[in-house]
Every structure is written in structure tokens, then in C-alpha cells.
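Colleague: Quick one: the structure is below, and I'll ask about it shortly.
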Amino acid sequence: MAFFSFPFFLLLLLPFCSPDSSPDGGGQGRKELVPAMFIFGDSLIDNANLLGLPLIPAHSETSTAYELLHGVNYASAAAGILDITGQNFMARIPFNEQIKNFESTLNQITGNLSADTVARSIGDSIFFIGMGSNDYLNNYLMPNYNTRIQYNPNQFSDLLIQHYSHQLTSLYNLGARKFVLSGVGSLGCIPSILAQNMLTQCSQEIDQSLVHPFNSKMKLMVDRFNQNLTAAKFTYIDTYHIFMEIINNPGTYGFNVTDSGCCGVGRNNGQFTCLPYETPCSNREQYVFWDAFHPTAKVNVLMAKKAFAGGGDVAHPINIEQLAKLKLIQFNNSYSYIEQERGD
1 MAFFSFPFFL
11 LLLLPFCSPD
21 SSPDGGGQGR
31 KELVPAMFIF
41 GDSLIDNANL
51 LGLPLIPAHS
61 ETSTAYELLH
71 GVNYASAAAG
81 ILDITGQNFM
91 ARIPFNEQIK
101 NFESTLNQIT
111 GNLSADTVAR
121 SIGDSIFFIG
131 MGSNDYLNNY
141 LMPNYNTRIQ
151 YNPNQFSDLL
161 IQHYSHQLTS
171 LYNLGARKFV
181 LSGVGSLGCI
191 PSILAQNMLT
201 QCSQEIDQSL
211 VHPFNSKMKL
221 MVDRFNQNLT
231 AAKFTYIDTY
241 HIFMEIINNP
251 GTYGFNVTDS
261 GCCGVGRNNG
271 QFTCLPYETP
281 CSNREQYVFW
291 DAFHPTAKVN
301 VLMAKKAFAG
311 GGDVAHPINI
321 EQLAKLKLIQ
331 FNNSYSYIEQ
341 ERGD
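Under our numbering, think of the first position of the sequence shown as 1, with each following residue one higher.
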């Protein structure tokens, strides 16, 4: 379980990542913005692709060097920044393990292609990371964890950022240069939290004590990386801001239900998530939440568009489209980015 990243963001950028994509499927009508996307995260990005959607393939589904060079999804449901997060879900793959899987991908690619080709392709690719929410939902807020006893909220967010910074540095050392970091959305508004606490509106306490400190420190981390790692570019997406705009103005976006899942069990359809054979609502386009934790497709499309082309209120210091257009240029033994359209 997790909250707010951009599963449909992947679908939005996919035509720009695919080597043979075009508006008519012919392969000649559209330029690439990036050669590939490498995705790390939790259940919102974990493919679980029973519908056969045209998404970036999961790590377990790719085999050839050609496939690997055009993007891989390493995300795993219940994954967190901390290895202990989500340990009640046996098959999870924590962020550290996802990074190891990427390293194995690199080894496989490098065995078939030149090191320079791999370095340039990886350097121009986008690395999308959506982590952090499970470290609260499936760790800090869980009664079977003692982290709330060990750390107050501020200390816990410091711990997460410390680990997160090391993990992102590992990806940088493996060749990643274009980073998109998704902030944590409003945990206090999800149906699960509303149901557990018998609330009729979002829990400001949870958001203010947990979400805001973590997101603020993540944004500062992005600034530090951009200052210290000049050969890379990091972008922070303010998921909380985007989501609260929808929650506070639901009618503007065509939503009628903001406090209950389209599919679920119990109060707010949030006491249990959508179970097998559970009958979902018949009007999901009017719901902000699909189940106890996750947003509907409509919400994800709205959020993806804002993250991709939005202004400084949602993307810092640049949006995803601008990041994709940055081209890595080598000068002697150093690298820098310039903004330009790609050629054919």
C-alpha cells in the first residue's frame, strides 16, 4: 500500500520513450524526449499489469539489452526507503533492492554494448522515484513497529532523508543523471486514515506532523544535490500541492466523492481495500480515490499533466518536460546540461 505517485505519468511519457512510437503507430511521427525511463517506487508504479496496458515493462519482464535500454520498472508494492518498511508483505522489494536490480540491469546492458553508449543513454534517461509514503503507512503508523517509540516525527523524517540521500547517490554513481522525485501526498485524506480515526475530513495533524516535514526536507535535499552534483539534475514534484488543489476544488475537476474509495469495505470504503470479486462503484470518474489508499485513474492523469508541464508551484526547480529536454554535453572530463530540442 502506498499513496500518490504517478502510474499514469508513465503512460503520459511512454510515447517519448518508445523507439518505435508515433501518433499513428508508424514509428516516424514523433521525436524522443528521452531514450528511456527507469522507475523506482511502490504499489502506485508497480505494474501488476493484468490489463496488458502499454506501460514500461517490469524488471522481471525484460530480457534483451535492447529492451533494457528503453526503460525498466523496478517498483514493488509495499516498498519503502527503509528495508524494514512493509515487512508484513512478504514479497516486497525495498528501494535498496530495487537499486541492486538496476545495477544488474547495467551489467547486462554493458555486456552487450559499449560503455560509452550505455553511459550516454543512461545519462539522458529519466529516473523517476516515488518513495516515502509506505515508510509512514506501513511502518511509522503501524502498531507492530516500534519506530514511533524510537523517533519523534522530526527525527523520523531526518532518518528517511538520510537514507534516501545515500540511495540516490548510489543511483548517481551508477550513471543516473536526470532525477524526478515525487513528494508524499496527503496521507491525512486517504479513506484508510479517515476510517481508522472516524474522521469526516482530512487529518491536518497527520499531514502537518508527518508529510510536511518530510516533503520540506526532500525539497532541500534536491537543492543540495543540484548544487553539489552539477553533472546531474534533480526535480522535485510537489504531489501534496497538486492533490490538495483537487481535494479543495473537486467540482472544478468533475469529482463528487473525495472521502471514500470507489472500491472497498467498511466506513469510507477504507477499512479494507478493494478485495477480489468486490464490486466497485459504477461512477469511478466522480471519485478521487479508487480504494482505501490509491487515487483513481482520472486523478493520476490530472496530476501527471501538472507534473509534466506545470509551473514552479508544482515542480522545482523545473518541470519534467524541461528536464527531459536537457541534453548532457561533455566538456573534456566534465559534463553539463544545456536545454535544446533533440534532433532526429
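Every residue, glycine too, gets a C-beta built ideally from N, C-alpha and C. These figures come from a predicted structure and were not determined experimentally.
Compute the distance between the beta-carbons of Phe95 and Met37, then report whether it is under 7 Å.
Modeller: No. Outside cutoff.
Colleague: In terms of residues, what are the limits of the beta strand (DSSP E) holding Tyr140?
Modeller: Premise fails: Tyr140 is in no beta strand (DSSP E) and is neither H nor E.
Colleague: Looking at the strands, I want to know which residues DSSP matches up with Ile122.
Modeller: Answer is none; Ile122 lacks a bridge partner.
Colleague: Whole angstroms is fine: what's the gap from Thr105's alpha carbon to Ser216's?
Modeller: Cα-Cα distance, rounded: 32 Å.
Colleague: In the DSSP assignment, find the beta strand (DSSP E) that holds Val34 and state where it starts and stops.
Modeller: Val34 -> no beta strand (DSSP E), and no H or E assigned at all.
Colleague: For Phe243, which of helix, strand or coil comes out of DSSP?
Modeller: helix
Colleague: Between which two residues does the alpha helix (DSSP H) carrying Ile161 extend?
Modeller: Start and end: 153–173.
Colleague: So what's His212 in DSSP terms, helix, strand or just coil?
Modeller: helix
Colleague: Suppose you measure from the CA of Arg148 to the CA of Thr85; what does that come to, to the nearest Å?
Modeller: 13 Å
Colleague: According to DSSP, is Gly261 part of a helix, a strand, or is it coil?
Modeller: strand
Colleague: Kindly indicate which three-state DSSP category His59 falls into: helix, strand or coil?
Modeller: DSSP places His59 in helix when its eight states are reduced to three.
Colleague: Determine the DSSP secondary structure at Phe40, reduced to helix, strand or coil.
Modeller: strand
Colleague: Our contact map puts Arg222 next to Phe234 with C-beta atoms below 8 Å; I'd like the distance itself, whole angstroms only.
Modeller: Before going further, note that residue 222 is Val rather than Arg in the sequence given. About 5 Å separates the two Cβ atoms, so the contact holds.
Colleague: Quick check: the Cα distance between Lys298 and Lys178, rounded to an integer number of angstroms?
Modeller: Approximately 27 Å, taken between the alpha carbons.
Colleague: Identify every residue that forms a DSSP beta bridge with Ala315.
Modeller: Ile237
Colleague: Closest by CA to Ile93, which one among Ile109, Asn107, Ser76?
Modeller: Ser76
Colleague: Who does Lys178 pair with in a DSSP beta bridge?
Modeller: According to DSSP, Lys178 bridges with Ile126, Lys233.
Colleague: Kindly list the residues whose CB is nearer than 7 Å to the CB of Gly71, restricted to its own chain and excluding five residues on each side of it in sequence; keep chain order.
Modeller: Cys17, Ala36, Met37, Phe38, Ile56
Colleague: What does the alpha-carbon distance come out to for the pair His163 and Ile81?
Modeller: Taking the straight line from one Cα to the other gives about 7 Å.
Colleague: Can the beta-carbon of Ala91 be found closer than 7 Å to that of Asn73?
Modeller: No, they are not a contact pair.
Colleague: Taking just the CA atoms, how far does Leu194 sit from Asn138?
Modeller: When rounded, the distance between both Cα atoms is 16 Å.
Colleague: Closer than 8 Å is the cut-off here; do at least three beta carbon pairs connect the stretch 291–305 with the stretch 258–275?
Modeller: yes
Colleague: Would you decide whether Asp207 is buried or exposed? Buried here means 16 or more other CB atoms lie within 10 Å of its CB.
Modeller: When all chains shown are included, Asp207 counts as buried.
Colleague: Going by DSSP, what residues sit across from Asn249 in a beta bridge?
Modeller: None; Asn249 has no bridge partner.
Colleague: Please report how far the alpha carbon of Ser170 lies from the alpha carbon of Asn146, in whole angstroms.
Modeller: 28 Å
Colleague: List the whole-angstrom C-beta distance separating Leu113 from Ala65, where the pair is believed to meet the contact cut-off of C-beta under 8 Å.
Modeller: 6 Å
Colleague: By DSSP's criteria, Val72 is part of a beta bridge. Which residues make up the other side?
Modeller: Checking the DSSP bridge columns, you'll see Val72 partnered with Phe38.
Colleague: CB Phe243 to CB Gly311, shorter than 7 Å?
Modeller: no
Colleague: Tell me the DSSP secondary structure of Phe225 in three-state form.
Modeller: helix
Colleague: Considering only DSSP beta bridges, list what Leu194 is partnered with.
Modeller: Its beta-bridge partners do not exist; DSSP assigns none.
Colleague: Can you say whether Leu275 is buried or exposed, counting buried as having 16 or more other CB atoms within 10 angstroms of its CB?
Modeller: Residue environment analysis places Leu275 among the exposed positions, since fewer than 16 neighbouring C-beta atoms fall within 10 angstroms of its C-beta.
Colleague: For the candidate residues Ser209, Thr296, Ser282, Leu326, whose alpha-carbon lies nearest to that of Tyr151?
Modeller: Ser209
Colleague: Keeping to the same chain, check which residues put their C-beta closer than 8 Å to that of Leu220; ignore five residues upstream and five downstream.
Modeller: Excluding residues within five positions, none has a Cβ falling inside 8 Å.
Colleague: Look up Pro295 in the DSSP assignment and give the residues it is bridged to.
Modeller: Phe289
Colleague: So, with DSSP's three-state summary, where would you put Phe95?
Modeller: helix
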